[in-house]
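Below is one structure, written out as structure tokens; the observations come after it.
Chains as they are written, first to last, in this note's numbering: chain Y, 1 to 662; chain U, 663 to 826.
The following block contains the structure:
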């Protein structure tokens, strides 16, 4: 298996290098056969990477502990799904997975675009292959997953306990997949810059792929939050931890991009800026990948531990240098076609959106790398914790919500203030009423203001749907429900976008609820005793000590009652895995009752069964997960191929191949 | 999302053989909890003393409560830990000295962004003024809801079609 895998990777490396040369020479000398062969090289490389993936998976599933990577990350007592998930439990496997996703999506993109975007394709292939070349180089000489041990150990060491959780089966593949997906838009951006074909072709091609990457990364972040909430046991889902931050960065720049690209499509503006955003998203993905696995940020000193760090840093420098050089070279070709006509217009709304998102990305980046700077410059260790991000990003998020409410009501080119105000009236009133009502009920001005802007933003979405449906109804005579459905179906981009906005608003409610109104209490309970938190009574039943295949579990069984009425039983668990006894992990006991999550952490226990429990009431957290589902729904709506545009009355040539258009 | 919270629970290892035994007694006042939340667990990655389960954090929590019971102020407690573990123990870096660059960084970044945006808008508008004379400004004409709906109809009609 090891030979097969490492062999496949070496052949893939050679093929990738060949493909780059073939693509560039083919495009320069106009030899279609060479270009075709470069496209096939991408497919070939992907196939070979898949062979390597299959080899590694087989090694895991057959417990081939001759492989150092398999030995270090799995053991015979692990359930088969964790054995398979151990695949990306380390640096080497993660890189291989990255290479696989980048290869698969690039292959698909090349297949779909090879006819339409003939001029761009050779350079897309070459760029994608250059990314693959770097990854394969790492996989063959620096961090090979197929390194053999001198002997075959009877059993492996097992997977890091923190990774043994259902959330971890889903979170890394989506997050790494999201990072890797930015390879495709990056490839198109580079191709556009190299060929100088900066017109509409590349936008059409790139938008969809940028959305794919943005969507996958977003799902990855959500799964990460879900995992943290269930496993880490501090009652929260997002800790502004450096590793979380670097994963958020490309998502922020990509969000800016998917908004500002609309301006370029409609008005031919912001070409340089969009290019820069897509390059930044890719570069930040590379930065994220290597920060997650190298331990760069936690301390400068752990930098030396990972041999891959300097390579990634070097690669990042090359990516940024080449992109910036190309951008400067093509600046004249990236001039705007049109000009901004009014400050009160959809265009400037999008510009403001971009300002806010880049500001947030910058602030997050700055806070994340600042300890690194102080350690280098001042030799003091510093922690930039959640308070910094809350104070800096909080106001930015607030402004984003306001803009999310105003933006969709702005007209392109210019808005008449009177009409705008009229449009803002009802959402504004709804927001104010909700905010005022909330203030009276909960008495927290900051939370009330946040609620107000969130309701305002939702109001705008409702208004947009209602207006659209009314217009459709007036024109087609469809009843309202059908009109709404047709609206979404025919204008997936616009109305799917609003679904994503709605998802953001739902999540915002969850975030407001849980960050302003969390209640915490600590209890020391003997079996049979109970404690109260808010309207909930927690009755501690017993401590279970279980021996499992993988190690040992300690579970505190707690009955929950609300206002005296029993609402069920939860277990809050501690796990001690074999070989990792000094790294116990946990799974929280969480019971969702109405809008509240009752969240139990098992802190301590003694031989009499007395336990130290920490209990939280986390209001509205479940809304974050609901928002996540709506986010996925909106993303799919946006990506769903639009039906062929059929004009009312007007006869127009039917457009072909809709898939790559929207 | 590596977060090796529990590095220092070495003590528990020994306790594994017999079921773990730790004094479960730990009552903290709200003020002590708040202070614990402002401190970084020195042996964990990214967890506060309040959230961490490490032995050191437990000791630190007890220490905080003890100091508060002795009548020490919040600032005195924080200073005590800064003396022992360095300024890195604070989750919110102090707004003084070199660390001010951290706090001002995003503000300056945002200000630069605003200036760039403003210049961009002014330049564009200056150029746009000339374009308006020749261009067709259709959307500005009507100022009532009917015009808005007509515009909406136009927009939803062409939104998903590739723009020319």
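Virtual Cβ for every residue (Gly too), placed ideally from N, Cα, C.
Alpha-carbon to alpha-carbon, residue j and residue i
i	j	result
residue 8 of chain Y	residue 51 of chain Y	7 Å
residue 132 of chain Y	residue 271 of chain Y	27 Å
residue 6 of chain Y	residue 139 of chain Y	9 Å
residue 42 of chain Y	residue 199 of chain Y	25 Å
residue 698 of chain U	residue 757 of chain U	19 Å
residue 31 of chain Y	residue 279 of chain Y	29 Å
residue 714 of chain Y	residue 396 of chain Y	Examination of residue 714 of chain Y is not possible in this model, given that chain Y is present from 1 through 662 alone.
residue 669 of chain U	residue 573 of chain Y	Note that residue 669 of chain U scores 38 on pLDDT, short of 50, meaning its location in the model is unreliable and no value can be drawn from it.
residue 25 of chain Y	residue 34 of chain Y	7 Å
residue 805 of chain U	residue 509 of chain Y	Low per-residue confidence applies at residue 805 of chain U: pLDDT is 43, beneath 50, and the placement is therefore not dependable, though the value from the model is reported in the following sentence. Whole-angstrom Cα-Cα distance: 35 Å.
residue 743 of chain U	residue 723 of chain U	11 Å
residue 108 of chain Y	residue 737 of chain U	59 Å
residue 368 of chain Y	residue 169 of chain Y	26 Å
residue 492 of chain Y	residue 92 of chain Y	39 Å
residue 731 of chain U	residue 241 of chain Y	32 Å
residue 703 of chain U	residue 160 of chain Y	21 Å
residue 116 of chain Y	residue 291 of chain Y	37 Å
residue 558 of chain Y	residue 539 of chain Y	5 Å
residue 314 of chain Y	residue 15 of chain Y	23 Å
residue 814 of chain U	residue 495 of chain Y	12 Å
residue 337 of chain Y	residue 273 of chain Y	14 Å
residue 304 of chain Y	residue 310 of chain Y	Caution is warranted here: a pLDDT of 44 is assigned to residue 304 of chain Y, below 50, making its placement in the model unreliable, and no coordinate value can be reported.
residue 663 of chain Y	residue 490 of chain Y	Beyond the ends of chain Y as shown, which are 1 and 662, falls residue 663 of chain Y; an answer cannot be given.
Residue closest to residue i, alpha-carbon to alpha-carbon, out of the options
i	options	result
residue 624 of chain Y	Y/227, Y/567, Y/490, Y/572	Y/227
residue 361 of chain Y	Y/316, Y/454, Y/244	Y/244
residue 342 of chain Y	U/814, U/782, U/691	U/782
residue 390 of chain Y	Y/516, Y/315, Y/335	Y/516
residue 541 of chain Y	Y/521, Y/568, Y/548, Y/522	Y/568
residue 594 of chain Y	Y/587, Y/603, Y/579, Y/622	Y/622
residue 18 of chain Y	Y/4, Y/37, Y/1	Y/37
residue 553 of chain Y	Y/583, Y/146, Y/368, Y/117	Y/583
residue 1 of chain Y	Y/70, Y/458, Y/27	Y/70
residue 111 of chain Y	Y/184, Y/414, Y/500	Y/184
residue 626 of chain Y	Y/505, Y/273, Y/28	Y/505
residue 285 of chain Y	Y/275, Y/402, Y/312, Y/545	Y/312
residue 579 of chain Y	Y/145, Y/75, Y/379, Y/564	Y/75
residue 524 of chain Y	Y/606, Y/440, Y/620, Y/267	Y/606
residue 549 of chain Y	Y/158, Y/46, Y/147	Y/158
residue 513 of chain Y	Y/620, Y/533, Y/581	Y/620
Strand pairing of residue i, partner residues [DSSP]
i	result
residue 530 of chain Y	Y/539
residue 160 of chain Y	For residue 160 of chain Y, which the question treats as bridged, DSSP gives no partner whatsoever.
residue 602 of chain Y	Y/613
residue 62 of chain Y	Its beta-bridge partners do not exist; DSSP assigns none.
residue 551 of chain Y	Y/577
residue 561 of chain Y	Y/537, Y/566
residue 545 of chain Y	Y/554
residue 586 of chain Y	Y/574
residue 592 of chain Y	Y/597
residue 701 of chain U	U/752
residue 710 of chain U	U/702
residue 523 of chain Y	Y/613
Below 9 Å between beta carbons is the criterion; list the residues of the stretch 704-721 of chain U that meet it against any residue of chain Y, in chain order. Cβ contacts with chain Y: 707, 708, 709, 710, 712, 713, 714, 715, 720.
Which residues, taken in chain order from the stretch 318-346 of chain Y, show a beta carbon closer than 8 Å to some beta carbon of chain U? With the criterion set as a beta carbon lying under 8 Å from some beta carbon of chain U, the members of the stretch 318-346 of chain Y are 336, 338, 339, 340, 341, 342, 343, in sequence order.
So does the stretch 463-483 of chain Y actually touch the stretch 520-532 of chain Y, counting three or more Cβ pairs closer than 8 Å? Verdict: no, contact absent.
Taking one C-beta from the stretch 56-70 of chain Y and one from the stretch 80-94 of chain Y each time, how about it: are there three or more such pairs within less than 8 Å? Under the Cβ criterion (8 Å, minimum of three pairs), the stretch 56-70 of chain Y counts as touching the stretch 80-94 of chain Y.
Should the stretch 445-463 of chain Y be called in touch with the stretch 403-410 of chain Y, which here means at least 3 C-beta pairs below 8 Å? Using a Cβ-Cβ distance cut-off of 8 Å, the stretch 445-463 of chain Y and the stretch 403-410 of chain Y are in contact, since at least three pairs of beta carbons, one from each stretch, lie closer than that value.
Spell out a yes or no on whether the stretch 622-641 of chain Y and the stretch 212-222 of chain Y are touching, meaning 3 or more CB-CB pairs, one atom from each, closer than 8 Å. The stretch 212-222 of chain Y and the stretch 622-641 of chain Y touch, with three or more beta-carbon pairs separated by less than 8 Å.
Just checking, does the stretch 347-365 of chain Y make contact with the stretch 257-270 of chain Y on the three C-beta pairs under 8 Å criterion? These segments touch.
State whether the stretch 371-386 of chain Y contacts the stretch 432-450 of chain Y, with contact taken as three or more CB pairs (one from each stretch) at a distance under 8 Å. Too few Cβ pairs lie closer than 8 Å, so no.
Please identify, using Cβ separations under 9 Å, the residues of the stretch 451-472 of chain Y that lie next to chain U, in order along the chain. Within the stretch 451-472 of chain Y, the qualifying residues are 464, 467, 468, 470, 471, 472.
Could you list the residues in the stretch 726-760 of chain U with a C-beta less than 8 Å from some C-beta on chain Y, going in chain order? Contact residues of the stretch 726-760 of chain U toward chain Y are 748, 749, 750, 751, 752, 753, 754, 755, 760 (C-beta to C-beta distance below 8 Å).
For the stretch 452-459 of chain Y and the stretch 417-429 of chain Y, state whether three or more C-beta atom pairs, one from each stretch, are separated by less than 8 Å. When C-beta atoms of the stretch 452-459 of chain Y are compared with those of the stretch 417-429 of chain Y, three or more pairs fall below 8 Å, so the two segments count as touching.
Do the stretch 220-237 of chain Y and the stretch 161-180 of chain Y touch if we need at least three Cβ pairs shorter than 8 Å? Yes: at least three Cβ pairs fall under 8 Å.
Can you list, in chain order, the residues of the stretch 414-441 of chain Y whose Cβ is nearer than 9 Å to any Cβ on chain U? Within the stretch 414-441 of chain Y, the qualifying residues are 414, 415, 416, 418, 419, 422, 423.
Decide if the stretch 318-334 of chain Y is in contact with the stretch 246-260 of chain Y; the criterion is three or more beta carbon pairs, one per stretch, under 8 Å apart. Verdict: no, contact absent.
To be precise: take each residue of the stretch 249-282 of chain Y, compare its Cβ to all Cβ atoms of chain U, and keep it if any distance is under 7 Å. Which residues remain? Within the stretch 249-282 of chain Y, the qualifying residues are 265, 266.
Check each residue of the stretch 379-390 of chain Y: if its Cβ is closer than 7 Å to any Cβ of chain U, include it; give the result in chain order. Cβ contacts with chain U: 380, 381, 382, 383, 384, 385, 386, 387, 388.
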